[in-house]
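I have placed the structure first, in the form of structure tokens, so that the comments after it can refer back to it.
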Amino acid sequence: MKLEIQNLVYRAGGRTLMDDISLVSDSAHCTALLGANGAGKSLLLRLCHGLLEPAAGRIRWDARPPRELGAAITMVFQKPVLLRRSARANVEHALYLQGAPRAARRARAAAALELAGLEDCMERQAAVLSGGQQQRLAIARAWALKPAVILMDEPTSKLDVRSAAQVERTIGELRREGIKIILTSHNLAQVRRLCGEVVFLHEGRLVQQDAMDDFFARPADDIICEFIEAQTF
Amino acid sequence: MTDFSDALQTALHLLVNLDAGLVEIIALSLRVSLTAVAAAALVGLPLGALLAVSRFPTRRFWINLLNTFMGLPPVVVGLMVYLMLSRAGPLGPLGLLYTPVAMIIAQTLLIFPIIAALSCGVVQGLFDEYHEQLRSLGSRTLATARTLLWEGRFGLVTAILAGFGRGNAEVGAVLIVGGNINHSTRVMTTTIALETSKGNLALALALGLILILVSLLVASAAQWLHTATMHRGRA
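Protein chains in written order, with numbering that gives the first Met the number 0: chain A, 0 to 232; chain B, 0 to 234.
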């Protein structure tokens, strides 16, 4: 899906948090949103999903506004928000909200949990799964809805190395299925492994949008150089 | 002290011998209170949840109104129901005054705001946590309310217990609309009031103890249900 953002402005509490952002992303690759804390990465994801409305400007996915797309765009949050039910029931509930019949819900949930490597945890309560398993469950739930785009807000920020690697493998599976992924991350090594395009934000403004290799080879601003150096050392 | 030990003896005696009059009073009390709780929950739970997840201009007003009605004076509710059901009232032809149905109506009106306001609070807390995720999954207002009612089921049991406590302990409204008629509308609280006025403190205290015991049993059953469900979920 092609994402077009034109002159996007978002204000809250009398402050401009997103200022005149314009970009086009029709990359089939995974796109990384980078920037320091407070740069507006999570905010931009929410705006792209339609969870927030911009004060000005517009966002279009294949020329359609986000709220018209329903489950074609889903989001995985930094802290997985799971229902107090089993892993399987969490996925089935998402499908129930989309009106899927019971038999289809069961089959799709089983496939989603298998994709995320959670087939052995189907009947366990989501609350007792490890952090990594919970994040993979959230991804499986998003995938179960057959979206064209999945937005991920720092999907591995709270995970240990092993759990983060498992989540990355799951994200790799999604990419192979042709799902467009936009994720925020502070882990540049992870971004290099997963993404083909980078959008760098600073204090609510777009600083650079480039292909992965070009972004690291030719940073467009000193702020980006400092960011990369800080992450490297 | 003598009254208290007499009350204990009397209570034990009445319970052990399954005194027919006492069983009838307890059964009617439970029937009235449980039916009122069920009716109030049937309306109060979804309404509270919808108020929690909806956004419309007068929402705060309705929530404030519910919170205010949590403290409705029972005698005022009793009087209102009496006026509605009395022969000259709009529902007079139904002939419900001084029947258990009238008592159920009065208790439902008292319990409903408690269950609705408390469930609104429980669901609001969950809504803050879940609403972005549920919206992301395509959930609309009604589906979100249903989902969060289920997610908050353990907290909502407390709301229902609070409603049951209010109904079970209520005396003013049921006395006005029920009339405390022997073998017809006499419940534990109105019997306690009657026996106290007659100076029969031992029997009044005995009934008071039984009333507390009934509340304890209901609360314990809810707690057991909660624990059993949690254990099953974590297995």
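By construction, the Cβ of each residue, glycine as well, lies at the ideal position given by its N, Cα and C atoms.
Can you check whether the CB of residue j is closer than 8 Å to the CB of residue i?
i	j	result
Ala86/A	Cys47/A	no
Tyr9/A	Leu44/A	no
Glu150/B	Leu22/A	no
Phe126/B	Ala40/B	no
Leu114/A	Trp142/A	yes
Val156/B	Ala221/B	yes
Ala172/B	Val76/B	yes
Ser162/A	Gly116/A	no
Val186/B	Ile24/B	yes
Ser214/B	Thr73/A	no
Tyr81/B	Val80/A	no
Asp152/A	Val75/A	yes
Leu95/B	Leu84/B	yes
Does residue i have its Cβ less than 8 Å from a Cβ in chain A?
i	result
Leu118/B	Reading off the sequence shown, one finds Ser at residue 118/B, where the question assumed Leu. Cβ-Cβ to chain A under 8 Å: no for Ser118/B.
Ala142/B	yes
Glu194/B	no
Glu23/B	no
Does residue i get closer than 8 Å to chain B when you measure Cβ to Cβ?
i	result
Gly69/A	yes
Ala99/A	no
His201/A	no
His48/A	yes
Arg83/A	yes
Ala93/A	yes
Met74/A	yes
Val148/A	no
Val235/A	There is no way to answer for residue 235/A, as the model of chain A reaches only from 0 to 232.
Leu96/A	yes
Val80/A	yes
Assuming residue i and residue j are in contact, meaning their beta carbons sit under 8 Å apart, how far apart are those beta carbons, in whole angstroms?
i	j	result
Ala6/B	Ala201/B	5 Å
Ile181/A	Ile170/A	Wrong, their Cβ atoms sit about 11 Å apart, outside the cutoff.
Thr189/B	Val170/B	6 Å
Ser53/B	Thr140/B	6 Å
Gln200/A	Leu32/A	Going by the sequence as given, residue 200/A is Leu instead of Gln. That pair is a contact at about 6 Å.
Ile103/B	Val42/B	Between Val42/B and Ile103/B the Cβ distance is about 13 Å, and since that is not below 8 Å, they are no contact.
Ordered along the chain, which non-local residues of its own chain (more than five positions away) have a Cβ less than 6 Å from that of residue i?
i	result
Gly162/B	Val36, Ala39, Ile110, Ile113 and Ile114
Ala219/A	Gln207
Glu3/A	Val23 and Arg59
Glu246/A	Look at the range of chain A in this structure, 0 to 232, and you will see that residue 246/A is not part of it.
Gln5/A	Ser21, Gly56 and Arg57
Leu27/B	Val186
Give a single yes or no on whether residue i has its beta carbon closer than 7 Å to a heavy atom of the ligand ADP.
i	result
Pro56/B	The ligand ADP is absent from the structure shown, which contains no ligand whatsoever.
What does a CB cutoff of less than 8 Å around residue i pick up in its chain, not counting 5 residues either side in sequence?
i	result
Gly137/B	none
Gln189/A	Thr155, Ala163 and Glu167
Leaving out five residues on either side along the sequence, give the residues of the same chain with a beta carbon under 7 Å from the beta carbon of residue i.
i	result
Ile62/B	Leu50 and Cys119
Glu118/A	Leu112
Arg104/A	Glu91, Leu94 and Tyr95
**Message:** Along the stretch 123–141 of chain B, where does the CB come closer than 7 Å to a CB of chain A? Name the residues.
**Reply:** Result list: Glu128, Tyr129, Glu131, Gln132, Arg134, Ser135, Leu136, Gly137 and Ser138.
**Prompt:** What residues in the stretch 161–172 of chain B bring their beta carbon closer than 7 Å to a beta carbon of chain A?
**Reply:** none
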